[in-house]
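Here the structure is laid out as structure tokens; the discussion comes afterwards.
Chains as they are written, first to last, in this note's numbering: chain A, 22 to 488; chain B, 15 to 547.
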């Protein structure tokens with residue numbers, strides 16, 4: 022059955038009948054049907070695709086999609102305290118301006134001589150994150166923080182020749198699943214327990230589980246539940262003593278005030294760039310980074326592209342090039358390169374660079390301080406509500422914290438439904454993933470929240486709990 | 015005044031934007047600020063009193079980021095963008111296998127509204143029905159394009175799609191108790207390197223099948239390779255050569271006869287949408303690159319989506335959550351299926367959340383702007399354009415393309431200019447640099463080169479005939495230069511942002527520099543934020 026195409030589609034210049042016929046003539050063909058002659062008839066679809074009718078105009082398309090999107094409620098409209106690895110931060114307008122530039126949006130895998138700006142912007146991104154984490158090697162971004170953690174673990178296993186990795190028992194279950202999938206079948210993940218009072222890693226359990234088989238100790242600071250690992254230096258030292266690498270995942274927006282892991286002994290720092298000038302995008306704004314010292318044994322284990330600065334034949338001119346390209350699967354060794362590389366999340370890397378360049382050292386310090394204070398204030402006012410305990414753990418925290426509603430006799434699910442009626446997205450319900458914590462929720466407070474926002478939350482919660 | 019002559023078809027007066035922009039750290043002026051931060055109100059500070067971090071965790075010295083006022087930050091990055099040859103500003107033919115097509119501006123505009131950018135992935139389902147409907151319907155479209163039964167949008171690119179397929183294959187055989195026995199994945203030389211590299215991460219031994227004299231995967235070698243150790247067969251069709259393997263169903267049939275699974279790398283699907291599908295060719299899994307065939311665009315290399323599909327039999331092994339359509343009081347209700355958390359068969363997660371939502375939205379909008387007839391036109395015109403370019407280039411004496419002479423290619427061709435190199439000493443890499451002097455991309459091939467002095471070109475449906483002719487005339491011009499003035503080519507580029515680099519530091523640990531601070535240290539100039547030593 023012949024399928025008809027369309028004439029004069031605005032995205033397809035050669036769908037203009039005259040020019041299409043001219044090209045067909047040039048090829049000695051009489052119709053579009055004569056193309057695809059190499060595909061056997063029995064493999065050809067003998068009908069039209071079953072799809073909705075095309076939108077007749079751009080305006081119609083705009084109305085249709087806008088209509089669908091209008092069914093979403095969003096966090097600029099509803100007051101949100103959702104976190105758990107994706108957070109609402111302020112996105113400076115320059116970040117959107119730059120990542121909307123058509124040149125960046127529509128570039129891809131070109132060489133340095135025609136994508137020079139892409140190479141420079143990504144080299145600068147690496148350099149800016151390098152200052153933030155106090156390390157000399159940073160990759161072109163990978164998919165997300167999950168992938169950055171998983172690859173950091175694989176790097177450590179290759180470096181040590183060991184196959185066992187210690188990870189905290191409190192972490193995002195989804196992240197654990199992503200790491201487990203990426204690291205199977207050859208790498209064994211062992212969970213390290215936590216102190217139930219503080220939520221911090223149990224150093225005694227860590228000592229018991231560390232051995233000559235341990236390739237790496239992976240932990241998060243702050244943890245998935247917002248808790249700061251105050252004894253991070255001891256954890257890194259214990260790992261080192263066992264001949265293991267220490268890998269620390271951070272929230273990069275904390276590093277204006279929190280010590281970067283390199284300063285307390287971490288070997289690999291990793292994390293997600295989303296807080297740095299990237300919208301939440303329903304979880305589409307995630308982007309992963311990894312950083313190490315500038316030692317050959319680390320650099321040669323990166324699967325990612327690493328853009329380096331090099332001279333050109335003209336004095337005074339900067340150029341850029343892939344560092345140690347043949348370690349990647351794009352090099353000459355394919356599957357014998359390090360893991361694999363491909364399309365990841367480069368545009369978010371450029372965006373994070375714009376963010377860090379705009380913020381500067383003072384901006385990063387102030388945003389960290391702002392989050393620390395606002396989340397501290399939120400804990401204070403929530404804790405004052407009868408039956409509510411905040412924080413749920415007796416530990417310093419950053420940005421996110423556990424709120425324990427067990428004492429209210431109400432479930433988080435019910436409380437959150439009532440909050441939604443008051444136009445508030447309450448913290449995410451932890452009961453499904455961490456039932457041992459009781460009726461708890463993970464709240465996220467950032468620099469975007471005002472005192473009035475936090476007070477409004479507290480008032481609403483007070484009313485809901487009293488009702 | 016005389017008429018200004020604009021008859022030349024080659025842009026000899028072209029020059030890339032060259033701003034000679036410093037590295038951003040060199041723009042540092044202490045005291046300048048790029049943005050102000052919303053700080054905590056004094057009442058908050060008063061209520062808190064002391065709110066300090068434990069000393070052990072407090073940063074003692076601020077990060078040595080540059081201090082730059084906003085206009086200069088903006089100007090810097092605007093200039094860098096101008097120094098980047100995105101598809102919006104050039105005739106995009108030269109990045110073969112990458113399907114760099116027009117990305118409609120309306121779709122970008124739609125994806126940048128707060129109704130999508132300001133959605134948190136943990137919002138209650140009732141507040142995200144619009145985006146969930148878009149995910150669900152795009153899944154349905156991809157089912158129709160492939161004949162497979164269910165898609166996940168989690169993979170962040172084609173390579174992660176391949177990793178997902180490899181993970182599903184492993185999980186499937188673990189469930190059957192055959193994972194130890196089946197430890198091999200077969201792929202082909204002309205499939206993407208990730209078809210080999212990603213399964214290797216999952217512990218598979220990789221068996222490569224080379225081409226036969228016609229460029230098809232050698233079926234005799236394939237028969238010898240398939241057996242009880244075969245877990246899967248991952249292949250592109252057409253491969254990077256643009257040659258479609260018409261016996262593909264014999265290949266997938268052989269794998270199935272030995273109990274293995276077949277994964278289709280559909281990175282090269284642009285010429286096949288609505289023409290032929292994964293299911294009829296015998297595949298159990300496949301992935302589409304939404305940033306390629308579905309225009310969303312490439313973003314310098316992501317954010318992207320390698321939407322991965324499976325047959326009903328393999329659906330339980332996909333990462334979760336998947337999105338279902340249900341009925342609630344007679345109305346459609348879109349909701350998550352979170353069974354992946356309990357179902358041991360599922361590979362769990364490959365990426366956080368549900369995939370890159372704006373990319374899915376843009377793919378949805380693109381499909382809705384074309385419909386079945388429009389997509390057919392896309393596939394046909396992409397192949398038409400490619401075969402026109404193919405015919406014109408094959409008329410040039412120094413150009414050849416191995417395999418199936420006189421027959422059609424699908425959406426791309428891998429050419430060789432071995433004769434030109436032999437005649438002139440000018441390599442394909444040299445030609446690549448020279449094409450940039452005319453504002454054109456030009457890609458050689460993945461490594462290692464199996465076709466000598468390769469060029470891989472893919473016009474897609476985007477260029478007009480005039481665009482195609484300009485690219486062809488420019489290539490002819492450069493080839494002519496290779497014979498007449500080879501030095502011009504060997505010393506190219508001349509009109510790029512920079513001149514030929516000295517790449518020698520790139521493999522030298524003493525000299526490579528991945529960050530500005532490493533560069534300063536290795537060149538003896540101290541640290542960022544300090545005055546030069």
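Cβ atoms here follow ideal geometry from the backbone N, Cα and C, with glycine treated the same way.
Neighbour flag for residue i against chain A, beta carbons, 8 Å
| i | result |
| --- | --- |
| residue 276 of chain B | no |
| residue 546 of chain B | At residue 546 of chain B, the pLDDT of 47 sits below 50, so the modelled position is not reliable; the number obtained from the coordinates is stated separately. It does not; no Cβ of chain A falls within 8 Å. |
| residue 158 of chain B | yes |
| residue 382 of chain B | yes |
| residue 488 of chain B | no |
| residue 207 of chain B | yes |
| residue 47 of chain B | yes |
| residue 190 of chain B | no |
| residue 341 of chain B | no |
| residue 472 of chain B | no |
CB contact below 8 Å: residue i versus chain B
| i | result |
| --- | --- |
| residue 319 of chain A | no |
| residue 487 of chain A | no |
| residue 471 of chain A | yes |
| residue 206 of chain A | yes |
| residue 110 of chain A | no |
| residue 364 of chain A | yes |
| residue 342 of chain A | yes |
| residue 444 of chain A | no |
| residue 139 of chain A | yes |
Segment limits, alpha helix (DSSP H) that includes residue i
| i | result |
| --- | --- |
| residue 493 of chain B | 479 to 498 |
| residue 171 of chain A | 166 to 181 |
| residue 387 of chain A | 367 to 404 |
| residue 477 of chain A | 472 to 487 |
| residue 230 of chain A | 224 to 230 |
| residue 380 of chain B | 371 to 408 |
| residue 476 of chain B | That residue, residue 476 of chain B, is in no alpha helix (DSSP H); it is neither H nor E in DSSP. |
| residue 197 of chain A | 194 to 204 |
| residue 208 of chain B | 208 to 215 |
CB contact flag (residue i, residue j, <8 Å)
| i | j | result |
| --- | --- | --- |
| residue 320 of chain A | residue 292 of chain A | no |
| residue 241 of chain A | residue 211 of chain A | no |
| residue 182 of chain B | residue 328 of chain B | yes |
| residue 212 of chain B | residue 173 of chain B | yes |
| residue 506 of chain B | residue 414 of chain B | no |
| residue 249 of chain B | residue 298 of chain B | no |
| residue 150 of chain B | residue 339 of chain B | yes |
| residue 536 of chain B | residue 527 of chain B | yes |
| residue 26 of chain A | residue 390 of chain B | yes |
| residue 79 of chain A | residue 145 of chain B | no |
Residue environment, residue i, which counts as buried when at least 16 other CB atoms sit within 10 Å
| i | result |
| --- | --- |
| residue 52 of chain A | exposed |
| residue 343 of chain A | buried |
| residue 498 of chain B | exposed |
| residue 79 of chain B | buried |
| residue 357 of chain A | exposed |
| residue 531 of chain B | buried |
| residue 38 of chain A | exposed |
| residue 77 of chain B | buried |
| residue 334 of chain A | exposed |
Delimiting residues of the beta strand (DSSP E) encompassing residue i
| i | result |
| --- | --- |
| residue 157 of chain B | Looking at the DSSP string, residue 157 of chain B is not in any beta strand (DSSP E); the run it does join, the alpha helix (DSSP H), is 143 to 160. |
| residue 221 of chain B | 219 to 223 |
| residue 342 of chain A | 339 to 343 |
At a Cβ cut of 7 Å, what residues of the segment 54 to 67 of chain A count as close to chain B, listed as they run along the chain?
56, 57, 58, 59, 60, 61, 64, 65, 66
Please name the residues in the segment 512 to 543 of chain B whose beta-carbon is closer than 7 Å to at least one beta-carbon of chain A, in chain order.
512, 513, 514, 515, 516, 517, 519, 520, 521, 523, 526, 527, 528, 529, 530, 531, 532, 533, 542
Would you list, in chain order, the members of the segment 390 to 419 of chain B that have their beta-carbon closer than 7 Å to a beta-carbon of chain A?
390, 391, 392, 394, 395, 397, 398, 399, 401, 402, 405
Which residues, in order along the segment 51 to 71 of chain B, keep a beta-carbon less than 7 Å from a beta-carbon of chain A?
51, 52, 53, 54, 55, 57, 58, 59, 61, 62, 65, 67, 68, 70, 71
Quick one, which residues of the segment 313 to 326 of chain B are near chain A if we go by CB-CB under 7 Å, in chain order?
313, 314, 315, 316, 317, 318
Mind listing which residues of the segment 220 to 251 of chain A have their C-beta closer than 9 Å to chain B's C-betas, in chain order?
242, 249, 250, 251
Members of the segment 118 to 136 of chain A near chain B, C-beta cut-off 9 Å
118, 119, 120, 121, 122, 123, 124, 125, 126, 127, 128, 129, 130, 131, 132, 133, 134, 135, 136
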